[in-house]
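For the sequence shown, the UniProt record's numbering begins at 1 and goes up steadily by one. These notes are about the structure you will find just below.
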Amino acid sequence: MTQANIRKVAVLGGGITGLAAAFYLYRAAEEQGIKIDVVLLEGTDRLGGRVNTLRRDGFFIERGPDSFLARKLPMVRLAEELGLSDQLTGTNPEAKKTYIAREGVLHPMPAGLNLGVPTDAEAFLKTGLLSEEGKKRALEEVDVPPLPAGAPDETVGAFLERRFGLEMVKRIFEPLLAGIHAGDLYALGLEATFPQFRDMERQYGSLIRGMTEARKAAQQKNPEDKAAERSIGSAFLTFRWGLTTVVEALEARLREYGCEIRLGARVVGLEKPNSSPAYRLLLEQGEPIDADAVIVALPASGIAGLLEPHVDVSSMRGINYISVANVVFGYDAAGFGHPLDGSGFLVPRGEGSLITASTWTSSKWLHTAPEGKRLVRCYVGRAGEESNVELSDEDITAGVRRDLKALMGLDAEPEFVEITRLRHSMPQYPVGHRLAADAFLTELADRLPGVLAAGQPFGGVGLPDCVAQGKEAAESIVRLLNE
1 MTQANIRKVA
11 VLGGGITGLA
21 AAFYLYRAAE
31 EQGIKIDVVL
41 LEGTDRLGGR
51 VNTLRRDGFF
61 IERGPDSFLA
71 RKLPMVRLAE
81 ELGLSDQLTG
91 TNPEAKKTYI
101 AREGVLHPMP
111 AGLNLGVPTD
121 AEAFLKTGLL
131 SEEGKKRALE
141 EVDVPPLPAG
151 APDETVGAFL
161 ERRFGLEMVK
171 RIFEPLLAGI
181 HAGDLYALGL
191 EATFPQFRDM
201 ERQYGSLIRG
211 MTEARKAAQQ
221 KNPEDKAAER
231 SIGSAFLTFR
241 WGLTTVVEAL
251 EARLREYGCE
261 IRLGARVVGL
271 EKPNSSPAYR
281 LLLEQGEPID
291 ADAVIVALPA
301 SGIAGLLEPH
311 VDVSSMRGIN
321 YISVANVVFG
331 YDAAGFGHPL
341 DGSGFLVPRG
351 EGSLITASTW
361 TSSKWLHTAP
371 EGKRLVRCYV
381 GRAGEESNVE
391 LSDEDITAGV
401 RRDLKALMGL
411 DAEPEFVEIT
421 RLRHSMPQYP
431 VGHRLAADAF
441 LTELADRLPG
451 VLAAGQPFGG
461 VGLPDCVAQG
471 KEAAESIVRL
481 LNE
């Protein structure tokens, strides 16, 4: 095969979306019988994006995300294709309890909650998290009529308040769901964040009925492709050596394929010459790179900055990113003084706490701490409280320890503290974002055929969603090149 027959594809961004896109480019090209060269350009000095595992003294500390949903199969399938199936591990089955703070006291979440939706009325009525009136109003959700077909998008908060009442939103939905995005439920668009809620309202007339039916169906059917067997009976999965395991495996496989990986390669411009090649990428440093096709796997601001000369990027500019911080404490078990009898706790707004949530990591994930040690991870910062992220290391450590003592009675001296500030890391999808993003992708395909955008701005914040986005973009590019 001559050099002229080899097609060159540039992937911009070395996070999980870009890495998955590069990997599946080679897989799809092989299936289609075409030859490609791939160059992956990452603007920072490391691959993985927000995925970042610190391994120290037998501890596995996640500085970014700590797991992914087992029911979303793209990540599980990627692990299989990389030979990592035996590395998958689930949560501790004995650490099922999660707590929510109310007036400085941790209350266990009632059994049967699914994304905050109560499916066990008897257990729900016993909770101390809501008043009797608040519980009664929440269970009346089954009688709330759905909006008519074709109703416009609304905020998550407005939707849930309409169906369950304000107290339920403040005490349970807000700490549980807003924590996923570190956002304000009354600013997040429903269609872009929890579209399954609107689908259930339309199909069943009620989220309680919909969640109950979904649980029954999951118990009865044999999931396709043995998904239940591969999930190890856990709702969440990670890797025994941390999530960075999949980043390392992808990098190794890409290098085997001959992929050119450049770190510190920030792309500052994209040009469309009048003749071949199809596209020219301008770098902040170094010679331009020519490519037949381009996958842009960057945050929304990066996509907007690069493509603004060519398409309307207002949908990308409309996504605000919230800053958060992770504060991880390592302890010796001797004198620790708390049973860690669950997976952690959530803190609603208005509790006066610096901590927004805490994962009892060594209880939830048994592989994360050596024998005789404990690991606790705390979260700081959310919409409206971003200034807390910029507190000094001393102040943020003191504040988090003060909250742990108040909420858990935990006064043990940590052996170490790891603080990670994730600035502008949590996307806030506004009302109408889903339609706006679809319109952006349609215009991009029309104006710049062979340039695809993928990742967080288009398909959710979870790792499996990012992998799916990367794979879909790769397969679309290969089909286009094959034509």
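Backbone N, C-alpha and C define an ideal beta-carbon position, used for all residues, glycine too.
Among MET408, GLN87 and ILE208, which has the Cα closest to the Cα of THR245?
As a working note, residue 245 is residue 245 in the sequence shown. Checking every option, the nearest Cα to that of THR245 belongs to GLN87.
Starting from CYS466, trace the alpha helix (DSSP H) both ways and give me its first and last residue.
By 1-based counting over the sequence shown, the position of residue 466 is 466. 463 to 482 is the extent of the alpha helix (DSSP H) around CYS466.
Using the C-alpha atoms, what's the distance from ALA291 back to GLU260?
The sequence position of residue 260 within the sequence shown is 260, counting from 1. The sequence position of residue 291 within the sequence shown is 291, counting from 1. Looking at the two C-alpha atoms, the distance is approximately 13 Å.
Considering only C-alpha positions, which residue in the set ILE477, ASP403, MET211 and LEU435 is nearest to ARG356?
On the sequence shown, residue 356 is found 356 positions in, with the first residue counted as 1. Per the sequence presented here, residue 356 reads as Thr, with Arg not at that position. It is ASP403 whose Cα lies nearest to the Cα of THR356.
Which one of ARG255, GLU94, PHE239 and LEU448 has the shortest CA to CA distance from HIS310?
Reading the sequence shown from its first residue, position 310 is the one you call residue 310. Of ARG255, GLU94, PHE239 and LEU448, the residue nearest in Cα terms is LEU448.
With the cut-off set at 7 Å, would you say GLY18 and ALA297 are in Cβ contact?
Along the sequence shown, one-based indexing puts residue 18 at 18. Along the sequence shown, one-based indexing puts residue 297 at 297. In this structure, ALA297 lies closer than 7 Å to GLY18 by Cβ.
Measure the beta-carbon distance from GLY189 to PRO430 and round it to whole angstroms, keeping in mind my assumption that it falls under 8 Å.
One-based indexing of the sequence shown puts residue 189 at position 189. One-based indexing of the sequence shown puts residue 430 at position 430. Between PRO430 and GLY189 the Cβ distance is about 5 Å, and since that is below 8 Å, they are a contact.
What did DSSP end up calling ASP446 once you bin it into helix, strand or coil?
The sequence position of residue 446 within the sequence shown is 446, counting from 1. The answer is helix: DSSP assigns ASP446 an H, G or I state.
Indicate whether the contact test is met: 3 or more Cβ pairs, each with one atom in the segment 262 to 281 and one in the segment 235 to 254, closer than 8 Å.
no
Indicate the three-state DSSP secondary structure (helix, strand or coil) for ILE396 in the structure shown.
Translated into the one-based positions of the sequence shown, residue 396 becomes position 396. ILE396 falls in the helix class under three-state DSSP.
Tell me where the alpha helix (DSSP H) around PHE164 begins and ends.
Within the sequence shown, numbered from 1, the residue matching residue 164 stands at position 164. Looking at the DSSP string, the run of the alpha helix (DSSP H) that includes PHE164 is 156 to 164.
Where are the alpha helix (DSSP H) runs, 4 residues long or more, that stay fully inside the segment 376 to 426, in chain order?
393 to 408
Going by CA-CA distance only, name the one from PRO339, ALA138 and THR155 that's closest to SER362.
Translated into positions along the sequence shown, residue 362 becomes position 362. Of PRO339, ALA138 and THR155, the residue nearest in Cα terms is PRO339.
Cβ contact (3+ pairs, closer than 8 Å) linking the segment 204 to 214 and the segment 56 to 74
no
Under the three-state DSSP convention, the category ALA228 falls into
For the purposes of this step, residue 228 is taken as the residue at position 228 of the sequence shown. Residue placement at ALA228 is flagged as unreliable, the pLDDT there being 45, under the threshold of 50; the coordinate-derived value follows with that caveat. Looking at ALA228 - three-state DSSP - the assignment turns out to be helix.
From GLU413 to TYR331, what does the alpha carbon distance come to, in whole angstroms?
As a working note, residue 413 is residue 413 in the sequence shown. As a working note, residue 331 is residue 331 in the sequence shown. Straight-line Cα distance between these residues: approximately 7 Å.
Apart from the five residues just before and just after PHE329, which ones in its own chain have a Cβ nearer than 7 Å to its Cβ?
Taking the first residue of the sequence shown as position 1, residue 329 is located at position 329. So the list reads VAL376, PRO414 and VAL417, once near-sequence residues are dropped.
Helix or strand or just coil, what does DSSP make of PRO332?
In the sequence shown, the residue the question calls residue 332 occupies position 332. Per the sequence shown, the amino acid found at residue 332 is Asp instead of Pro. Three-state DSSP puts ASP332 in a strand.
Helix, strand or coil for ASP37 per DSSP?
The residue labelled residue 37 in the question sits at position 37 within the sequence shown. Reduced to three states, the DSSP call for ASP37 is strand.
Identity of the residue in ASN92, SER314 and VAL11 nearest ARG360 by Cα
Counting from 1 along the sequence shown, the entry for residue 360 is found at position 360. One point to set straight first is that residue 360 is Trp, not Arg, in the sequence displayed. Of the candidates ASN92, SER314 and VAL11, the one whose C-alpha sits nearest the C-alpha of TRP360 is ASN92.
Output yes or no for whether 7 Å exceeds the beta carbon distance between ILE319 and ALA333.
The residue given as residue 319 occupies position 319 in the sequence shown. The residue given as residue 333 occupies position 333 in the sequence shown. For ILE319 and ALA333, no; Cβs fall outside 7 Å.
Should GLY462 go down as buried or exposed, given a rule of 16 or more other Cβ atoms within 10 Å for buried?
Residue mapping note: residue 462 aligns to position 462 of the sequence shown, counting from 1. Label assigned to GLY462: buried.
Count the other CB atoms, across all protein chains shown, that sit within 10 Å of the CB of ARG401; report buried if there are 16 or more and exposed otherwise.
Position 401 of the sequence shown, counting from 1, holds the residue named residue 401. Burial call: buried.
According to DSSP, simplified to helix, strand and coil, what is PHE440?
Your numbering for residue 440 matches position 440 in the sequence shown. Note: PHE440 maps to helix in three-state DSSP.
Nearest to residue 536 (by Cα), restricted to the options MET408, LEU41 and GLY258:
The first residue shown for the chain is 1 and the last is 483, placing residue 536 beyond what the model contains.
Taking 7 Å as the limit between beta carbons, can you name the residues of its chain near VAL117, skipping five residues before and five after?
For the purposes of this step, residue 117 is taken as residue 117 along the sequence shown, with counting starting at 1. Contacts found: LEU207, ILE208 and MET211.
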